[in-house]
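2 protein chains.
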Amino acid sequence: MRATTYFDDYALGDRYVTDSVTVTEGQILRFAREYDTQLFHTNVAAADESHFGGLIGSGFQTLNLSFALFFKLQLVQPAAVGGAGIDGLRWRKPLRPGDTIHVECEVIDLVPSASRPDRGTVRMRHDTFNQDGDVIMTLECLHILQTRAGAAAS
Amino acid sequence: MRATTYFDDYALGDRYVTDSVTVTEGQILRFAREYDTQLFHTNVAAADESHFGGLIGSGFQTLNLSFALFFKLQLVQPAAVGGAGIDGLRWRKPLRPGDTIHVECEVIDLVPSASRPDRGTVRMRHDTFNQDGDVIMTLECLHILQTRAGAAAS
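Chain order of the listed sequences is W and R.
Residue numbers are given in the numbering used here: position 20 of the first sequence equals residue 20, and the series is strictly consecutive.
Residue numbers are given in the numbering used here: position 145 of the second sequence equals residue 145, and the series is strictly consecutive.
Printed below as a string of structure tokens:
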């Protein structure tokens, strides 16, 4: 497999599939009590009576778990130079206790920096799937990466 | 202060300022080891040698802490009906150990649902500031909320 660390290592259409992770009710409750105190994330009885019909994980937990899986691919290190971002994040379905999720990623744009020839931006689409094959979250993320020449000079 | 729970409670230009929170080096390391294993988030020595010149928090930690502060405003409950999203998230400056951050929010668009008169989407801009007044993260988020009439009928 081609190394995919620096900006010039990436090609349009490159695809990556992460490992998967299963989330428990306890993990959903712990995360929500710290970071997202909406009742349908923190209180099982209230969630059962909500229109969700049961406890659902915070969308930010879906996001965190998805990027934890992505970073474990070890793609963008050590070339990442920060300043990145996310566009078009949509939570399409709830994360529920017992769900097993993974992420499928595709390179959809490659933009050399206009001002700095030693770096460029890789835009990837990330889709997070549950065990039923449903996309529960989709987004585009930007990684600002050094080029091989830029890394060699730094 | 006007109650701001349902879609029809919001007006363009409404602004909210959250409480603040201070992040420690220990919190940065713990978060990163679970969710964002890039070296400049997990290893103090490696971070000192990186172009960041020291440990920085994961952008996802900035995001989580910012929304934890937002949800504590108790604005959008219990009218939130899910399916929301985020556009244009950009991490502008690093989160560093000892930083104290807060979020300033403004309603920038209100879109009644074309298909369901019982709900609408509130678009807010969120800017996260550090103690020096620098914006370290900016984004637009979407909240799909019930109307008062929709909530009364459900």
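Positions of the beta carbon are idealized from the N, C-alpha and C atoms, including for glycine.
A quick note: this is a predicted structure, and the numbers were derived from the prediction, not measured.
Check your understanding: Under three-state DSSP, which class holds S66 (chain W)?
Key -> Reading the first sequence from its first residue, position 66 is the one you call residue 66 (chain W). If DSSP states are grouped into helix, strand and coil, S66 (chain W) belongs with the helices.
Exercise for review: Please list the residues of the segment 28-45 of chain R that have a C-beta atom closer than 8 Å to any C-beta atom in chain B, keeping them in chain order.
Suggested key: Here chain B cannot be found, since the structure's protein chains are W and R.
Check your understanding: Skipping 5 residues on each side, what residues in its chain have a beta carbon closer than 6 Å to that of S66 (chain W)?
Key -> As a position in the first sequence, residue 66 (chain W) is number 66, starting the count at 1. Excluding sequence neighbours, S66 (chain W) sits near V103, T128.
Practice item. Under 7 Å between beta-carbons, which chain W residues line up against R90 (chain R)? List them in chain order, please. Key: Locating residue 90 (chain R) in the second sequence gives position 90, counting from the first residue. G85, listed in chain order.
Review point. Excluding sequence positions up to five away, which residues of its chain have a Cβ less than 6 Å from the Cβ of M124 (chain W)?
Key: Walking along the first sequence from the start, residue 124 (chain W) turns up at place 124. Same-chain partners within the cutoff: C105, V107, C141.
Point to revise | Contact set between F52 (chain R) and chain W, taken where Cβ atoms lie within less than 8 Å | key: Numbered from its first residue, the second sequence carries residue 52 (chain R) at position 52. What F52 (chain R) touches in chain W: G82.
Exercise for review: Anything in chain W within Cβ reach of A158 (chain R), meaning under 8 Å, just list it in chain order.
Suggested key: The structure shown does not extend to residue 158 (chain R), since chain R is modelled only from 1 through 154, so no value can be given for it.
Point to revise | is_contact[L95 (chain R), chain W] using C-beta, thresh 8 Å | key: If you number the second sequence from 1, residue 95 (chain R) lands on position 95. In terms of beta-carbon proximity, L95 (chain R) stays away from the interface with chain W, with every pair separated by 8 Å or more.
Check your understanding: Grouping DSSP H, G and I as helix and E and B as strand, with all else coil, what is V103 (chain W)?
Key -> For the purposes of this step, residue 103 (chain W) is taken as the residue at position 103 of the first sequence. Assigned with DSSP and collapsed to three states, V103 (chain W) falls in strand.
Check your understanding: Taking the DSSP output, what are the residues bridged to A164 (chain R)?
Key -> The first residue shown for chain R is 1 and the last is 154, placing residue 164 (chain R) beyond what the model contains.
Exercise for review: Tell me whether L39 (chain W) sits in a helix, a strand or coil according to DSSP, three-state version.
Suggested key: By 1-based counting over the first sequence, the position of residue 39 (chain W) is 39. Helix at L39 (chain W).
Check your understanding: From W:Q146, W:L63, W:D118, W:D36, pick the residue whose C-alpha is nearest to that of T5 (chain W); which is it?
Key -> Sequence index remark: in the first sequence, residue 5 (chain W) carries index 5 (1-based). Here the closest residue by C-alpha is W:Q146.
Practice item. Output yes or no for whether 8 Å exceeds the beta carbon distance between V23 (chain R) and D134 (chain R). Key: For the purposes of this step, residue 23 (chain R) is identified with residue 23 of the second sequence, where counting begins at 1. For the purposes of this step, residue 134 (chain R) is identified with residue 134 of the second sequence, where counting begins at 1. Taking 8 Å as the Cβ cut-off, V23 (chain R) and D134 (chain R) do not qualify as a contacting pair.
Check your understanding: When we look at the beta-carbon of A32 (chain R) and count the other beta-carbons within 10 Å, is it buried (16 or more) or exposed?
Key -> Indexing the second sequence from 1 puts residue 32 (chain R) at position 32. Looking at its Cβ environment, which holds 16 or more other Cβ atoms inside 10 Å, A32 (chain R) is buried.
Exercise for review: Reducing DSSP to helix, strand and coil, say where M1 (chain R) ends up.
Suggested key: Stepping through the second sequence from its first residue, residue 1 (chain R) is reached at position 1. For M1 (chain R), the pLDDT reaches just 47, beneath the cut-off of 50, and the residue's location in the model is therefore unreliable, leaving the point undetermined.
Review point. Per DSSP, which one or two residues make a beta bridge with D109 (chain R)?
Key: The residue you call residue 109 (chain R) lines up with position 109 of the second sequence. In the DSSP output, where bridge partners are listed per residue, D109 (chain R) has R:R123.
Check your understanding: To the nearest angstrom, how far is it from the Cα of D109 (chain W) to the Cα of A149 (chain R)?
Key -> Against the first sequence, residue 109 (chain W) aligns to sequence position 109. Against the second sequence, residue 149 (chain R) aligns to sequence position 149. Computed Cα separation, rounded: 44 Å.
**Study point:** Backbone secondary structure at V23 (chain W) - three-state DSSP
**Key:** Here residue 23 (chain W) refers to the residue found at position 23 when the first sequence is read from its first residue. Three-state DSSP puts V23 (chain W) in coil, outside helix and strand.
Exercise for review: Starting from the beta carbon of L63 (chain W), find every residue of chain R whose beta carbon is closer than 8 Å, and list them in chain order.
Suggested key: The sequence position of residue 63 (chain W) within the first sequence is 63, counting from 1. Neighbours of L63 (chain W) on chain R, chain order: F60, L63.
Check your understanding: Would you report the Cα separation of N64 (chain W) and Q77 (chain W), rounded to the nearest angstrom?
Key -> Position 64 of the first sequence, counted from the first residue, corresponds to residue 64 (chain W). Position 77 of the first sequence, counted from the first residue, corresponds to residue 77 (chain W). Straight-line Cα distance between these residues: approximately 18 Å.
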